[in-house]
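Student: In our numbering, the protein residues as written are 11 to 346.
1) Quick one: Cα of residue 73 to Cα of residue 237, how far?
2) Assuming residue 115 contacts residue 89 (C-beta within less than 8 Å), just tell me the rounded distance between them.
3) Reducing DSSP to helix, strand and coil, say where residue 263 ends up.
4) Using 10 angstroms around the beta-carbon of residue 314, count the other beta-carbons present and answer buried if the total reaches 16, otherwise exposed.
5) Are residue 253 and residue 310 touching if we call contact CB-CB under 8 Å?
6) Which residues mark the beginning and the end of the beta strand (DSSP E) in which residue 317 is found?
7) Below 8 Å on the Cβ atoms is my contact criterion, and I expect residue 192 with residue 220 to pass it. Report the Cβ-Cβ distance as a whole number of Å.
8) Quick check on DSSP: helix, strand or coil for residue 189?
9) Would you mind reading off the limits of the beta strand (DSSP E) that contains residue 65?
10) Counting pairs of beta carbons, one from the region 47 to 60 and one from the region 159 to 173, are three or more of them closer than 8 Å?
11) Give me, in chain order, the residues of the same chain whose beta-carbon lies closer than 7 Å to that of residue 338; leave out the 5 immediate sequence neighbours on both sides.
12) Just grab the DSSP bridge partners of residue 322 for me.
13) Just the Cα atoms here: how many angstroms apart are residue 241 and residue 206?
14) Who are the Cβ neighbours of residue 133 in its own chain at under 8 Å, not counting the five residues just before and after it?
15) Considering just the uninterrupted stretch of the alpha helix (DSSP H) at residue 178, what are its terminal residues?
16) With distance defined between alpha-carbon atoms, name the residue in 267, 324 and 306 nearest to residue 280.
17) Thinking just about the alpha-carbon of each residue, which of 180, 120 and 290 is nearest to the one in residue 166?
18) Do residue 180 and residue 62 have their C-beta atoms within less than 8 Å of each other?
19) When burial is assigned at 16 or more other CB atoms within 10 Å of the CB, is residue 285 buried or exposed?
20) Does the beta carbon of residue 201 sit closer than 8 Å to a beta carbon anywhere in chain C?
21) Looking at C-beta atoms only, is the number of pairs between the region 201 to 215 and the region 242 to 251 that lie closer than 8 Å three or more?
22) Excluding the 5 residues preceding and the 5 following residue 303 in the sequence, name in chain order all residues of the same chain whose CB lies nearer than 7 Å to its CB.
23) Answer with buried or exposed for residue 223, where buried requires no fewer than 16 other C-beta atoms within 10 angstroms of its C-beta.
24) Select from 76, 257 and 71 the residue whose C-alpha is nearest the C-alpha of residue 33.
25) Whose C-alpha, out of 282, 271 and 312, is nearest the C-alpha of residue 295?
26) Just how far apart, CA to CA, sit residue 258 and residue 65?
27) Secondary structure at residue 86, three-state DSSP: helix, strand or coil?
28) Reducing DSSP to helix, strand and coil, say where residue 139 ends up.
29) When we look at the beta-carbon of residue 277 and count the other beta-carbons within 10 Å, is it buried (16 or more) or exposed?
30) Based on the DSSP secondary-structure assignment, which residues constitute the bridge partners of residue 210?
31) What are the complete beta strand (DSSP E) segments, minimum 3 residues, inside the region 278 to 317?
32) Take residue 54 as the anchor and find which of 35, 82, 40 and 316 has the nearest alpha-carbon.
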């Protein structure tokens, strides 16, 4: 059965089912869409594949979806892989030599490619050739293979980890995806609810949007959990159903999870609001440093609950107020 069915029990892969299938269904990122339409139209008129593209930004904002839409717009076949999956030069060579003219190669998490593989990728992107070294030492020789014209679309959440030579080869453009507005998230939720075959009232959509961390993937996840709750109680997804579902999930009115609140509470209660180092926060909350830095901290900084200073992390006034703590006068001095 097709994954695009509107019947909830007919979906095998919900993330794919909720993915926009056309530009009109893709909400937000207007500047990127306008640029891509020009690039794709011009390339199609020339009869050539578009130049290579790089998308970057936080997870869940639609980088993979853009790649799918580009392939659909061009009527091209898309081969999908990721940086960690390409372990050896031979892995990349196998992928590249199996491309056909006009194909799109999508590499997710491109920042995790090792440098040796990057070196092989440069001539493939620049001149359409693949250089394979046979043998070692003085007797080594290079075989050069011509590749069919193709477009590389790469995605990353950490663009700073890409080497400058690799970044410079994305001639089609490097685009940063921005966070969504609550209004845009509500539009996405309305469309997703229709695909899932559930009744989502506008008040419920606005409530989910306000707790979605400005991210469509998070919003759709919350919607699916609200659907489960409403289904068992045989009610539409209204304001009451959303509130009760998110209370069970421990997601508060600002979109903070229990782990987010624990990080802030530990900083305030145990360390006087900071400054405190990342390693200390991780130890005190029994989380890994990478989880605190990459999962929790970006959103807390974005909404003004946490600040980074030269001496460490400091809880802002908004965090104190949100958690119900008194904001001490001396805390302001820590942010200077």
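The C-beta atom is built at its ideal place from N, Cα and C for all residues, glycine as well.
Tutor: Once the coordinates are examined:
1) In the chain shown, residue 73 corresponds to position 63, counting from 1. In the chain shown, residue 237 corresponds to position 227, counting from 1. Their backbone Cα atoms lie some 26 Å apart in a straight line.
2) Walking along the chain shown from the start, residue 115 turns up at place 105. Walking along the chain shown from the start, residue 89 turns up at place 79. Yes, they are in contact, since the Cβ atoms of residue 115 and residue 89 sit about 5 Å apart, within 8 Å.
3) One-based indexing of the chain shown puts residue 263 at position 253. In the structure shown, residue 263 sits in coil (DSSP, three-state: anything other than H, G, I, E or B).
4) Here residue 314 refers to the residue found at position 304 when the chain shown is read from its first residue. So residue 314 counts as exposed.
5) Mapped onto the chain shown, residue 253 falls at position 243. Mapped onto the chain shown, residue 310 falls at position 300. Their beta carbons are not under 8 Å apart, which means residue 253 does not touch residue 310 by this criterion.
6) For the purposes of this step, residue 317 is taken as residue 307 along the chain shown, with counting starting at 1. Where residue 317 is concerned, the enclosing beta strand (DSSP E) stretches over 316 to 319.
7) Within the chain shown, the letter at position 182 stands for residue 192. Within the chain shown, the letter at position 210 stands for residue 220. Right, the Cβ-Cβ distance comes to about 6 Å (below 8 Å), so this counts as a contact.
8) Residue numbering aside, residue 189 sits at position 179 when the chain shown is read from its first letter. The answer is coil: DSSP assigns residue 189 none of H, G, I, E or B.
9) Working through the chain shown from its first residue, we reach residue 65 at position 55. Unbroken beta strand (DSSP E) run through residue 65: 63 to 66.
10) yes
11) Numbered from 1 along the chain shown, position 328 holds the residue referred to as residue 338. Same-chain partners within the cutoff: there are none.
12) Taking the first residue of the chain shown as position 1, residue 322 is located at position 312. BP columns for residue 322 point to 319.
13) If you number the chain shown from 1, residue 241 lands on position 231. If you number the chain shown from 1, residue 206 lands on position 196. Cα to Cα, the separation comes out at about 12 Å.
14) Within the chain shown, residue 133 is the residue found at index 123, counting from 1. For residue 133, where only same-chain residues beyond five positions count, the Cβ hits under 8 Å are 139, 140 and 141.
15) As a first step, residue 178 is located in the chain shown; it is residue number 168 there, counting from the start. Unbroken run through residue 178: none, as it is neither H nor E.
16) Here residue 280 refers to the residue found at position 270 of the chain shown. The candidate whose alpha carbon is nearest that of residue 280 is 324.
17) Against the chain shown, residue 166 aligns to sequence position 156. Taking only the C-alpha atoms, the option nearest residue 166 is 120.
18) Counted from its first residue, the chain shown places residue 180 at position 170. Counted from its first residue, the chain shown places residue 62 at position 52. Contact flag set, yes.
19) The residue given as residue 285 occupies position 275 in the chain shown. Buried, since its Cβ has 16 or more Cβ neighbours within 10 Å.
20) The chain inventory of the structure shown lacks chain C, comprising one protein chain alone.
21) yes
22) By one-based count along the chain shown, residue 303 stands at place 293. Counting only Cβ-Cβ distances below 7 Å, and skipping sequence neighbours, we find 288.
23) The sequence position of residue 223 within the chain shown is 213, counting from 1. Residue 223 should be labelled buried.
24) The residue you call residue 33 lines up with position 23 of the chain shown. Comparing Cα positions, the closest option is 76.
25) In the chain shown, the residue the question calls residue 295 occupies position 285. With distances taken between Cα atoms, residue 295 lies closest to 271.
26) Translated into positions along the chain shown, residue 258 becomes position 248. Translated into positions along the chain shown, residue 65 becomes position 55. Their backbone Cα atoms lie some 35 Å apart in a straight line.
27) Start at 1 with the first residue of the chain shown, and residue 86 comes out as number 76. Coil, per DSSP.
28) The sequence position of residue 139 within the chain shown is 129, counting from 1. Strand.
29) For this step, residue 277 is matched to residue 267 along the chain shown. Buried, by the Cβ-count rule.
30) Along the chain shown, read from residue 1 onward, the residue named residue 210 stands at position 200. Looking at the DSSP assignment, residue 210 forms a beta bridge with 247.
31) none
32) Position 44 of the chain shown holds residue 54. Cα-wise, what sits closest to residue 54 is 82.
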